[in-house]
Amino acid sequence: MIMVALAAPAIVGLAALAVEGGYAYSQHAAVQSVSDLAALSAAEAITRDGNAANLTLEARAIAAQHGFMNNVGNVTVAVNSPPATGTYPRGSVEVIVSRLQQPILMSLFRKSAYAISGRSVAVAGANGNGCILALDTSSADTGLSAGGSPVINMPNCSAYSNSPATDSAYIGGTASVTLQALYAVGGINGTLAGGVLHTNVGALADPYAGKFTTPSNPFNTCTYKSSAKMPVDGTKVVPPANGPAYICYSVNLNASDVLNLGPGTYIFDGALNGQLKATGQSSLLANGATLVFINGASVSLNGGGATTVVAPTALSNSSPYTPYRGLAVWQPAGNGVSGQIAGGANQSITGAIYMPSAYVTYTGATTLNTNGCTQIIAWQINFSGNTQVDNVGCSTSGVVGFGYQAPNLMN
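Here it is in structure tokens:
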């Protein structure tokens with residue numbers, strides 16, 4: 001009995017230690033879970049605006065939602081970007097959630113509080129599911145709009161508007177728009193039929209800026225000077241293997257005309273009357289080709305026939321001249337001539353439509369792609385007809401990925 005009495009304090013102490021240890025373990029798991037959530041949320045915020053103060057507010061708001069409010073109840077939520085310790089990729093955010101815990105059963109043996117902490121580091125995502133980007137940065141302009149009664153179905157695509165206007169993105173009339181997400185630097189006037197709205201985000205950089213050089217034509221070279229050299233009768237036209245094909249006349253497709261372009265780069269030079277226009281039931285077929293519009297050249301694809309443009313891909317090395325991989329339509333910055341794509345459901349464009357200084361409008365029933373990768377980057381973009389865009393298979397299409405992506409935990 002004497003031995004039991006002497007051992008009793010030790011037994012009680014061990015039992016208290018076991019219980020207290022189990023409690024501390026469960027609390028650590030809870031704190032770690034909260035720090036994970038807060039770090040992920042802050043990393044997502046850094047992709048939107050990169051403001052350190054906003055990151056801290058974001059992380060602390062998430063922690064507070066889960067019962068850990070900074071400076072309340074012995075809780076601290078520290079946010080660091082870049083992380084205070086360790087080496088991590090750019091755009092990483094560190095969140096440390098800590099709470100001082102007073103001993104409960106162990107209070108007979110320990111009087112001071114001990115810390116229960118969780119540390120998480122998350123990195124902002126990159127090259128997300130963006131397929132629509134309006135580059136207009138004017139506070140007086142609407143960058144991205146959908147009016148009338150179009151049905152726009154892009155469930156795998158995120159759209160972005162860089163305008164800081166209160167109606168940076170506008171969805172009006174009876175338009176039904178489904179996106180993965182819609183991001184606007186300013187405000188959004190309207191609602192989505194499906195998808196998530198994000199306002200007051202950071203502007204996206206032009207993913208193609210500086211990546212391609214505007215072709216020069218110092219000697220006014222003309223591969224095709226007239227329709228006699230480029231017959232519109234279904235004949236396949238292949239540019240010379242040693243360079244691009246310069247088109248120095250107005251290509252007007254109408255009635256049931258069919259123009260079939262082989263792999264290569266076709267440069268419509270506005271200074272030499274080059275332009276492309278399709279109306280009626282005409283068709284344009286271009287496989288492994290990039291259509292380039294320089295010096296004010298215009299493009300208007302309103303043909304009701306089959307319009308199929310497939311850009312050169314990263315894997316198509318057999319094309320004779322394809323420096324614009326991933327680009328279906330390319331117009332250099334500074335060329336503000338508007339572009340129009342409209343017509344029936346037989347239109348399909350695979351690759352990027354890049355017109356960074358132009359107003360691009362889509363009318364009618366335009367199926368840009370239902371089983372491939374399509375991007376639209378322009379100064380302003382307007383949809384006024386039924387449109388479907390997808391971004392399946394972009395990893396092998398040669399396009400440059402852009403947009404926000406879900407962040408990842410590093411530890």
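Residue 82 in the working numbering sits at position 82 of the sequence shown, with consecutive numbering throughout.
Glycine residues also receive a C-beta, built at the ideal position from the N, C-alpha and C atoms.
Three-state secondary structure assigned by DSSP to L272: Indexing the sequence shown from 1 puts residue 272 at position 272. Looking at L272 - three-state DSSP - the assignment turns out to be helix.
Would A286 and L261 qualify as a contact pair, given that the criterion is a beta-carbon distance under 7 Å? Residue mapping note: residue 286 aligns to position 286 of the sequence shown, counting from 1. Residue mapping note: residue 261 aligns to position 261 of the sequence shown, counting from 1. Result yes, Cβ atoms of A286 and L261 sit closer than 7 Å.
Would you call the segment 152-170 and the segment 79-87 touching, i.e. three or more CB-CB distances under 8 Å? No contact exists between the segment 152-170 and the segment 79-87.
Can you tell me whether DSSP reads H28 as helix, strand or coil? In the sequence shown, residue 28 corresponds to position 28, counting from 1. In this structure, DSSP gives H28 a helical state, which the three-state scheme calls helix.
Distance, Cα to Cα, P320 vs L179? As a first step, residue 320 is located in the sequence shown; it is residue number 320 there, counting from the start. As a first step, residue 179 is located in the sequence shown; it is residue number 179 there, counting from the start. Note on P320: pLDDT 47, under 50, position unreliable in the model; the coordinate value appears next. Whole-angstrom Cα-Cα distance: 37 Å.
Are the beta-carbon atoms belonging to L133 and I377 less than 7 Å from one another? Translated into positions along the sequence shown, residue 133 becomes position 133. Translated into positions along the sequence shown, residue 377 becomes position 377. In contact: L133 and I377 (Cβ atoms closer than 7 Å).
How big is the Cα-Cα spacing for T374 and V310? The residue given as residue 374 occupies position 374 in the sequence shown. The residue given as residue 310 occupies position 310 in the sequence shown. Using only the alpha carbons, I get a separation of about 10 Å.
Taking only runs that begin and end inside the segment 32-98, name each unbroken beta strand (DSSP E) of 3 or more residues, in chain order. The segment 32-98 contains these whole beta strand (DSSP E) runs: 75-80.
Comparing C-alpha positions only, which one of S145, I62, T56 and T87 sits nearest to W379? The sequence position of residue 379 within the sequence shown is 379, counting from 1. The closest CA to that of W379, considering only S145, I62, T56 and T87, is found on S145.
Nonlocal neighbours in the same chain, by C-beta distance under 6 Å from N189, ignoring five residues either side: Here residue 189 is taken as the residue at index 189 of the sequence shown, counted from 1. Here the set comprises D167 and Y170.
Beta-carbon contacts of Q281 that lie in its chain and below 8 Å, excluding the five residues immediately before and after: Against the sequence shown, residue 281 aligns to sequence position 281. Cβ within range, chain order: A255, S256, G303, G304 and G305.
When DSSP labels each residue in this structure, what does T137 get in the three-state scheme? In the sequence shown, counting from the first residue as 1, residue 137 sits at position 137. Under the three-state reduction of DSSP output, T137 falls in the coil class, being neither helix nor strand.
According to DSSP, is C248 part of a helix, a strand, or is it coil? On the sequence shown, residue 248 is found 248 positions in, with the first residue counted as 1. Looking at C248 - three-state DSSP - the assignment turns out to be coil, as it is neither helix nor strand.
Just tell me which of Y354, A328 and G403 has its CA closest to the CA of S397. On the sequence shown, residue 397 is found 397 positions in, with the first residue counted as 1. The candidate whose alpha carbon is nearest that of S397 is A328.
Within 7 Å, strictly: CB atoms of Y354 and W330: As a first step, residue 354 is located in the sequence shown; it is residue number 354 there, counting from the start. As a first step, residue 330 is located in the sequence shown; it is residue number 330 there, counting from the start. Note that the C-beta distance between Y354 and W330 is below 7 Å.
If you reduce the DSSP assignment to three classes, tell me which class C373 lands in. Locating residue 373 in the sequence shown gives position 373, counting from the first residue. In this structure, C373 counts as strand in the three-state DSSP scheme.
Which residues in the same chain have their Cβ closer than 6 Å to the Cβ of F68, if we skip the five residues on either side of it in sequence? On the sequence shown, position 68 is the one that residue 68 refers to. Cβ within range, chain order: V34, V75 and V97.
Report all residues from its chain with a CB closer than 6 Å to the CB of T313; omit the five preceding and five following residues, and keep chain order. Here residue 313 refers to the residue found at position 313 of the sequence shown. Excluding the 5 residues flanking it on each side, T313 has same chain C-beta neighbours closer than 6 Å at S397 and G398, in chain order.
Once the 5 residues before and after T174 are set aside, which same chain residues still bring their CB inside 8 Å of it? Residue 174 sits at position 174 when you count from the first residue of the sequence shown. Setting aside the 5 residues that flank it on each side, T174 is surrounded in the same chain by G148 and S149, each with a C-beta closer than 8 Å to its C-beta; the list follows chain order.
Indicate the three-state DSSP secondary structure (helix, strand or coil) for C157 in the structure shown. Position 157 of the sequence shown, counting from 1, holds the residue named residue 157. It is a strand residue.
Compute the beta-carbon to beta-carbon distance between A203 and V185, rounded to the nearest angstrom, for a pair I have assumed lies under 8 Å. Translated into the one-based positions of the sequence shown, residue 203 becomes position 203. Translated into the one-based positions of the sequence shown, residue 185 becomes position 185. Between V185 and A203 the Cβ distance is about 5 Å, and since that is below 8 Å, they are a contact.
Just reading off the beta strand (DSSP E) that Y183 is part of, what are its end residues? As a position in the sequence shown, residue 183 is number 183, starting the count at 1. In this chain, the beta strand (DSSP E) harbouring Y183 covers S176 to A184.
Which of helix, strand or coil DSSP assigns to T363: In the sequence shown, counting from the first residue as 1, residue 363 sits at position 363. Strand at T363.
Applying the criterion that 16 or more other CB atoms from any shown protein chain within 10 Å of the CB defines a buried residue, is N411 buried or exposed? What you label residue 411 is simply residue 411 of the sequence shown in a count that begins at 1. The residue is exposed, with fewer than 16 neighbouring Cβ atoms inside 10 Å.
DSSP state of C394, grouped into three classes? Counted from its first residue, the sequence shown places residue 394 at position 394. The three-state reading of DSSP puts C394 in helix, counting H, G and I together.
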